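K.L.:
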Amino acid sequence: MSKQSVSRWLKDGWVCLGADGRLDPTVAIGQLLRRCDPGRLRARWLRQAVGEVQDLRDNLAIAEDRATAAEAALRDALASVAGRDEWIASAERAAAIWKTLLVDAADELRAAPTADWPAILTRLELDADDAADAQLYPEVAPDGWLADLKLDPAVAAEMAALDAELDAALDAEAASAWRELSDTAGERGE
């Protein structure tokens, strides 16, 4: 440091003399660095500190970017967990309702031929799913997925009819597959 630089810093108020009228270098450096841009100082001993400060700033920026990315990943993971928790709650509720419906339909199952059981069980399962959705998501109409769509009432009715036809076709196909399986097992003596 030149004597002129120190005198100018004292005059500008960047550094202050101690109570004894002397300049404490440690205190003066802190005061100087708080009041001016260290990059503009030409002292050799400050060049290294300025470089280290810049490295620290760069590392901080990298760390902040990583923290932001980690926070985004955490939000995504929490959303995924919440979605899975909702699905598990729905599945558990549907299973409980299905058990109740199965007990209620015991007489119907006993009276029906074994070949009709898959269709009856499928209907009970779908009813249990709908009932669980209605209990867990009361804001959605009991019609199920059709209620989520903003459709013209005529189109919605047509889609509901097609959905019912599809369910009936699937029930018939399941019953047919069950009969074939039962016939094959009967031929083998199982």
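Numbers given in the working numbering equal positions in the sequence shown, counted from 1, plus 3.
Here a beta-carbon is modelled for each residue, glycine too, at the ideal position from N, C-alpha and C.
Nothing here was measured: the structure is a model prediction, and the numbers come from that model.
Nearest CA to the CA of E95: which residue from A131, L35, A115?
P.N.:
Closest option to E95, Cα to Cα, is A131.
K.L.:
Once the 5 residues before and after C39 are set aside, which same chain residues still bring their CB inside 7 angstroms of it?
P.N.:
Taken in chain order, the residues that qualify are W17.
K.L.:
In three-state DSSP terms, what is D88?
P.N.:
Residue state, collapsed to three classes: helix.
K.L.:
Which one of E128, V84, A31 has the shortest CA to CA distance from D15?
P.N.:
Ranking E128, V84, A31 by Cα distance to D15 puts A31 first.
K.L.:
Nearest to D174 by alpha carbon, out of D133, L165, R126, A135?
P.N.:
Residue R126 is the option with its Cα nearest to D174.
K.L.:
If you count every other CB in all the chains shown that lies within 10 Å of the CB of A135, and 16 or more means buried, which is it?
P.N.:
With 16 or more Cβ atoms within 10 Å of its Cβ, A135 is classed as buried.
K.L.:
Just the Cα atoms here: how many angstroms apart are A22 and S5?
P.N.:
A22 and S5: Cα-Cα distance of roughly 23 angstroms.
K.L.:
Just to confirm my understanding: we take D110, look at its own chain, exclude 5 residues before and 5 after, and list those with CB closer than 6 angstroms. What are they?
P.N.:
Same-chain partners within the cutoff: there are none.
K.L.:
For T23, which of helix, strand or coil comes out of DSSP?
P.N.:
Reading off the sequence, residue 23 comes out as Asp, not Thr. D23: coil per DSSP, three-state reduction.
K.L.:
Just curious, the alpha helix (DSSP H) that T125 is in, first and last residue?
P.N.:
120-139 is the extent of the alpha helix (DSSP H) around T125.
K.L.:
How is the alpha helix (DSSP H) around T29 delimited, first residue to last?
P.N.:
28-38 is the span of the alpha helix (DSSP H), which, as asked, contains T29.
K.L.:
Mapping the DSSP letters down to three states, classify S5 as helix, strand or coil.
P.N.:
In this structure, S5 counts as coil in the three-state DSSP scheme.
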